[in-house]
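Residue numbers (my numbering), protein chains in the order written: chain A, 1 to 657; chain B, 1001 to 1099; chain C, 2001 to 2170.
Idealized CB from N, CA, C, for every residue including glycine.
This one's a predicted model, so the numbers in the text were calculated from it and none came from an experiment.
Some notes on the structure that comes next.
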Amino acid sequence: MFSLAPYIVLFPLLGFIVLGLFGSRLKNETLIGTIGSGVVGLSFLTAVAIFIHMLGLPPDQRKEVVELFTWISTFTGTATSFSVSLAYQVDQLSILMVLIVTGVGFLIHVYSIGYMHGDPGFWRFFTYLNLFIFMMLNLVLASNFLVMFLGWEGVGLCSYLLIGFWHDRKFETGGYKPGTAFTSDAAKKAFIVNRVGDFGFLIGMFLIFTKFGSLDFDVVFNRASVLSIGGSVMFWITLLLFVGATGKSAQIPLYVWLPDAMAGPTPVSALIHAATMVTAGVYMVARCSVLYALSPATLQIVAVIGALTAIFAATIGLVQNDIKKVLAYSTVSQLGYMFLAMGVAAFTAGIFHLLTHAFFKALLFLGSGAVIHAMHEEQDIQKMGGLRKYMPTTYKTFLVGAIAIAGIAPFSGFFSKDEILWKAFSSDYGSVILWALGVMGAALTAFYMFRLVSLTFEGEERFSTKSHHPHEAPKTMTVVLVILAFLSAVGGVVGIPASLGGGNAIEHWLEPVFRQANDRLGLGYHEPSAMEYVLMAVSLGIALAGIYAARTVYLKRTELAEEWKNRFAGFYKVLWNKYFVDEAYDKVVVTPTVKLSESLLWKGVDVSLIDGAVNGTAKLIDWIAGSVRKIQTGVAQMYAVVFVGGILFVVAWIVFR
Amino acid sequence: MTIQSYLILSAITFIIGVVGVLTRRNAIIVFMSIELMLNSVNLSLVAFSAYLGDARGQMLVFFVMTVAAAEAAVGLAIIIALFRNKQTVNIDEINILKW
Amino acid sequence: MTFETILFSLLAVVFVGSALLTITRRNPVIAALYLILNFFCLGGLYLTLNAQFIAVIQILVYAGAIMVLFVFVIMLLNLGDEQRLAEKISLRKIFAAGLSAALLMEVIYIVGFVDLGMPPGDLHRGVEIGTVENIGKELFTTYLFPFEVTSILLLAAIVGAVVLAKKKLD
């Protein structure tokens, strides 16, 4: 059964090839949509089959590596030989990720059939989506760092392609640098910022090879598990890998691309920038848990950055007026929670939150997509309001998602977020400060989510019914919303902790994967303690308070919003301008780099040196030829003169030699 | 007379012929210089033939003369054809075979 | 100072002199005439070497036929004097003069002063071999084949000359 694993990856690739080659000629949208969604669906079914098979196996045998072929092989016989295969590793963690990617991916494909209806690039959209799924599956199923990197880069590429999907669209940029920008600029920003992170990842990979002699997960992790904790090599390896993760998963300092990536179509935001691609960094840290276990210093850094990002992004999301921007900053914030979990060595909790977040964030994005469609591409929530009576299904599902993300029991978000907060507090590698930051972030999350709900769906209508006629989304979209709402609601059941009487199925499922790391860290299974219930109550209370505050400010006493905006005007300005981070980057990094490239690399090296060398060679040959051809004057007598000279020489040579 | 005198004589007239070929502009004069060169070589051949008592030298002269006659005929025909096209026998003006 | 020496010297001087004059005259007809004189001298030189047949052939064929052909062509083309366009001392002429002088010096040196390992001989041996009978004998026995081939060569030359010089019938 495990040998079916390559098919999971193969189906989307086939979809990509078929749609890529023939998509432009297929005029039937349903057909394209069916092919595109169908291949992902097939991958999902294959993954489910393997999953069921794995359930029947004892926990220690639920892993297998399926090798396809040798990719690179340099054989010098000894330690310097380098051999990498294209091989897929099916184990508890990767199958979980595959189910998320293909499951949520399938739903979003179906949603896109309705959302992208009428778009001239319909076939191109599904082609890129299939390519993305293919790359993402390579990433999560990889059994060595190189294949993972292939997928890592590949999803970056697809992100670029999909963000810039409407490549000729312009939009006004406000704030510090007003002007017009193209969606392709946002795509470029995403790709370049990711590249910075990828550089760190690459150096980390080089270090891994230097230290362990291989890039294969099994080999590296087995060799690592017998090393002692600490040491600068492990620190740098894990830190550099984490730099890659900050790029891909939008943490401080490389998060800046994610909000701008909202320029792409909403299904893209849902799939790539909520449920799957941005979770690649989290997955990578989880996969390399052994390496991180050997470097507690890096774990600290990861946790701190995660917590800071969570708070930081949540504050920005408080004042944004674009419905997708709020969700984007929310994603950055929630990813911060996942990294916080990783940093306190609560690997399972982080993955659990990844799972629930995939459900409710995809749901929220898709719901916002329905709203945007209904409001004819309007995305400013200040111009919405009272949509609940026009779009009841969307409203209800959106509400479910909001409750889940705010962390209200018994919805899924509560269990996952609470697990993280508990571990942040109680783990040997956590601290009260981290917990406090997390709780504050949770409060802010609840607040801004319900601000969004209130301003969008409830209250009075702030748009003119003459120009806008909002209506419910078509069936292909609402069905998906309902399914995701259901999952957001009950998805938490796989992780109900022991303290609440659950079996914490997900922790037991993933336990063999993290065993090496946990052994190194000296972590084991904790008995539930009273503190756990206290903290649970605290986080629940904070979340409810946040919801109540939001509803009060934005529904009942709306004048408060205006009053606060004016009273804290300076604070508001900083938040609204995203702490001027983009502007700072522009000044410090981007502009000098561009200027340096132009003056030095372009004019200096490229034009003078390289062009000069090539053109100079040509000119030299031209000059030589020009000089030499003057010998052929056409005057035969000159040739005869040379003859005579030759005779002179030959005779002398023969006689006097 | 010694053989050397004939050979030196032959060399002198050969060089005179060479100078004529290289220096003159008129194609017909150049042709005459070529004939001069051929004749100087003939002298050298006959001198050797007499010196060594071998008839082969003179046989060669016979055939050289025959060939020279044929060549003169054809060459002059070419010059006539050239003159018809270009109205000149000035070699400097017949220089199309260049770069 | 035997008769031989005097004869040879005289003929040699006229030979070289007429050659020099040939290449330096501007008028092609005058140059042709000097060349005829040159051929006569050459015939005389052949006679001093006892090459009777060759001497006669030289006069008959070269001076009598070829030079007549030359003069005909010169007359036909109605060439005037070669224009003295400010007699350019071009690079070509310098090189030509220099190289030719060098070659002459070289050959004279080789012939006169280098031991070329020539077998011993005597110029008077030409008496037996230069006669018409001897040449004729050789021509029709040992060199029969080349003799016949030259007839084809001459045929080719005739055809070539006729075709090349023919007026195009346009």
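Counting only beta-carbon separations shorter than 8 Å, does residue i have a partner in chain B?
i               : result
residue 635(A)  : yes
residue 610(A)  : no
residue 2148(C) : no
residue 2016(C) : yes
residue 2109(C) : no
residue 2022(C) : yes
residue 651(A)  : no
residue 2063(C) : no
Hey, residue i and residue j are a contact pair by Cβ (cut 8 Å); roughly how many whole angstroms apart?
i               : j               : result
residue 280(A)  : residue 137(A)  : So it is not a contact: roughly 11 Å between Cβ atoms.
residue 1038(B) : residue 1068(B) : 5 Å
residue 165(A)  : residue 84(A)   : With 8 Å as the limit, residue 165(A) and residue 84(A) do not qualify as a contact, their Cβ atoms being about 33 Å apart.
residue 405(A)  : residue 445(A)  : 6 Å
residue 419(A)  : residue 349(A)  : 4 Å
residue 379(A)  : residue 324(A)  : 6 Å
residue 2092(C) : residue 641(A)  : 6 Å
residue 2016(C) : residue 1012(B) : 6 Å
residue 417(A)  : residue 442(A)  : 6 Å
residue 477(A)  : residue 115(A)  : 6 Å
residue 229(A)  : residue 190(A)  : That pair is no contact at about 36 Å.
Closer than 8 Å by C-beta to residue i: which residues in its own chain qualify, once you throw out the five before and the five after it? Chain order, please.
i               : result
residue 227(A)  : 234 and 294
residue 68(A)   : 6, 85, 86, 87 and 88
residue 1010(B) : 1040, 1041, 1043, 1044 and 1047
Under 8 Å, do residue i and residue j count as touching if we go by C-beta distance?
i               : j               : result
residue 258(A)  : residue 270(A)  : no
residue 1(A)    : residue 50(A)   : yes
residue 2038(C) : residue 2055(C) : no
residue 1028(B) : residue 2070(C) : yes
residue 658(A)  : residue 106(A)  : Given a span of 1 to 657 for chain A in the structure shown, any question on residue 658(A) remains unanswerable.
residue 248(A)  : residue 194(A)  : yes
residue 390(A)  : residue 471(A)  : yes
residue 1021(B) : residue 637(A)  : yes
residue 484(A)  : residue 291(A)  : no
residue 2048(C) : residue 2008(C) : yes
residue 614(A)  : residue 2103(C) : no
residue 1076(B) : residue 2061(C) : no
residue 17(A)   : residue 23(A)   : no
residue 15(A)   : residue 48(A)   : no
Chain A beta carbons: is any one of them nearer than 8 Å to that of residue i?
i               : result
residue 2095(C) : yes
residue 1092(B) : yes
residue 1002(B) : no
residue 2019(C) : no
residue 1021(B) : yes
residue 1096(B) : yes
residue 1018(B) : yes
residue 2102(C) : yes
Here's a check: name, in chain order, each residue in its chain whose Cβ is nearer than 7 Å to the Cβ of residue i, leaving out the five neighbours to either side.
i               : result
residue 13(A)   : 134
residue 576(A)  : 319
residue 307(A)  : 336, 340, 434, 437 and 438
residue 2112(C) : none
Beta-carbon within less than 6 Å of residue i's beta-carbon, same chain only, minus the 5 sequence neighbours each way: which residues are those?
i               : result
residue 104(A)  : 275, 358 and 362
residue 239(A)  : 298
residue 2132(C) : 2053
residue 2086(C) : Because residue 2086(C) sits at a pLDDT of 49, beneath the cut-off of 50, its placement in the model cannot be relied upon, and the following sentence gives the value as read from the coordinates. Excluding positions up to five away in sequence, the list is empty.
residue 20(A)   : 127
Indicate, with yes or no, if the ligand PLP has a heavy atom lying under 7 Å from the CB of residue i.
i              : result
residue 447(A) : The ligand content of the structure shown is nil, which means the ligand PLP is not present either.
With a cut-off of 8 Å, does the C-beta of residue i fall near any C-beta of chain C?
i               : result
residue 1032(B) : yes
residue 1074(B) : yes
residue 1037(B) : no
residue 655(A)  : yes
residue 1067(B) : yes
At a Cβ threshold of 8 Å, is residue i touching chain E?
i               : result
residue 2010(C) : Although the question refers to chain E, the structure presented lacks it and instead comprises the protein chains A, B and C.
* Please name the residues in the region 2024–2053 of chain C whose beta-carbon is closer than 7 Å to at least one beta-carbon of chain A, in chain order. => none
* Please list the residues of the region 601–629 of chain A that have a C-beta atom closer than 9 Å to any C-beta atom in chain B, keeping them in chain order. => 629
* Asked: Between the region 638–649 of chain A and chain B, which residues of the former have CB atoms less than 8 Å from a CB of the latter, in chain order?
  -> 640, 641 and 644
* Mind listing which residues of the region 2106–2136 of chain C have their C-beta closer than 8 Å to chain A's C-betas, in chain order? -> 2106, 2107, 2110 and 2114
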